[in-house]
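In this note's numbering, the protein residues as written are 2 to 191.
In what follows, a structure is listed as structure tokens, so that the remarks can point back to it.
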């Protein structure tokens, strides 16, 4: 598990699946190497693993998220700023996200890891309306797939939740839109 190689993961995804949604995406400049393997990245998610994760959580993972994680299954982000129009308790122009959770159970912050989605719902008392897949730099704030406007098998919106003020802010209509709107923090006025 600790011998995960970024290039190997990318080649595996390209040869086994072919990218459809993210075929024109620049993965090379998206991920950061900070704490990459040790903390967040798991091996390539198989169909069997994905099905068991979906069964455990009670939600179907978005196809765009699955495709993205088949290039690199979790990790720290280099493009980590998401522009927003509504101010949060921390900033007024953007949210700063730190990582994407892997599809798996092995790493602490994986979707079904020891500190994954179910843990956050029970221990942090976060809403049980979806899957938490992305942490922010603000502590208990999270980015999640929100299934409250669709059924558990539908295409969830991506929202930001701030438990300090019990507020949910819409970010994107889906995971693909969310990813494509992330920018390098150096490109954003912080």
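C-beta: ideal position from N, C-alpha, C; glycine also.
Taking the Cα positions, residue 131 is about 27 angstroms away from residue 186. If you ignore the 5 residues before and after residue 64, its C-beta comes within less than 8 angstroms of the C-beta of 22, all in its own chain and listed in chain order.
Assigned with DSSP and collapsed to three states, residue 40 falls in helix. Under the DSSP assignment, residue 145 falls in the beta strand (DSSP E) whose first and last residues are 143-147. Contact annotation: the segment 99-107 touches the segment 135-155, with at least three C-beta pairs closer than 8 angstroms.
Counting only residues of its own chain and dropping the five nearest sequence neighbours on each side, residue 118 has a CB closer than 7 angstroms to the CB of 58, 112, 132, 133. Each residue's CA atom was taken as its position, placing residue 172 and residue 49 some 30 angstroms apart.
Separation of residue 29 and residue 47 (C-alpha to C-alpha, rounded to the nearest whole angstrom) is 23 angstroms. The secondary-structure analysis by DSSP pairs residue 126 with nothing; it has no beta-bridge partner. The criterion of a C-beta distance shorter than 7 angstroms is satisfied by residue 78 and residue 33. Straight across, the Cα-Cα distance linking residue 42 with residue 166 is about 31 angstroms.
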